[in-house]
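One structure is given here, and the rest of the page talks about it.
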């Protein structure tokens, strides 16, 4: 089957979460700064984890058109950089409230504000991946 990598795309950072080979368990992974080498780092990560699909959180509300455009451009960058040559499928999942959910969960678990700020993106990616896996990953 292969692992799925979920990405919560933000303006400055991206949150990452990954599934197991059977696509039954999702785990938060990391937060990367969105800089010039982001696609090189993601390609390395995809090779390391033997990723066969990437799920991007996509805002579905009409008021988030700029964010949707940013995610679609990021998807194009993934395809052009490495996804096509590695035969990795790019998929989308509704990301509604994933960041709110992540921050709320972290507060409930007793994380400090600084940790919430630094790690909430990977937990938002985890929520996106869990939602994708729950709806029945293709």
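In the working numbering, the protein residues as written are 4 to 141.
Every residue, glycine too, gets a C-beta built ideally from N, C-alpha and C.
- Around the Cβ of residue 40, a 10 Å sphere holds fewer than 16 other Cβ atoms; the residue is exposed.
- DSSP places residue 63 outside both helix and strand once states are collapsed to three, so it counts as coil.
- Scanning 15, 37 and 4 for the CA closest to the CA of residue 27 turns up 4.
- In the DSSP assignment, residue 45 falls within the unbroken alpha helix (DSSP H) covering 41–52.
- Taken through DSSP and simplified to helix, strand or coil, residue 5 comes out as coil.
- Taking C-alpha positions only, residue 95 is separated from residue 121 by approximately 24 Å.
- By the criterion of a C-beta distance shorter than 8 Å, residue 15 is surrounded in its chain by 36 and 37, once the five residues flanking it on both sides are discounted.
- The C-alpha of residue 130 lies about 26 Å from the C-alpha of residue 87.
- The continuous stretches of alpha helix (DSSP H) do not include residue 97, which lies in the beta strand (DSSP E) extending over residues 92–97.
- Straight through space, the alpha carbons of residue 89 and residue 7 are spaced by roughly 14 Å.
- Three or more Cβ pairs closer than 8 Å define a contact, and the region 93–109 meets that threshold against the region 53–65.
- Going by DSSP, residue 34 is part of no alpha helix (DSSP H) but of the beta strand (DSSP E) stretching over 29–36.
- Around the beta-carbon of residue 112, fewer than 16 other beta-carbon atoms lie within 10 Å, marking it exposed.
- Rounded to whole angstroms, the separation of the alpha carbons of residue 115 and residue 42 is 30 Å.
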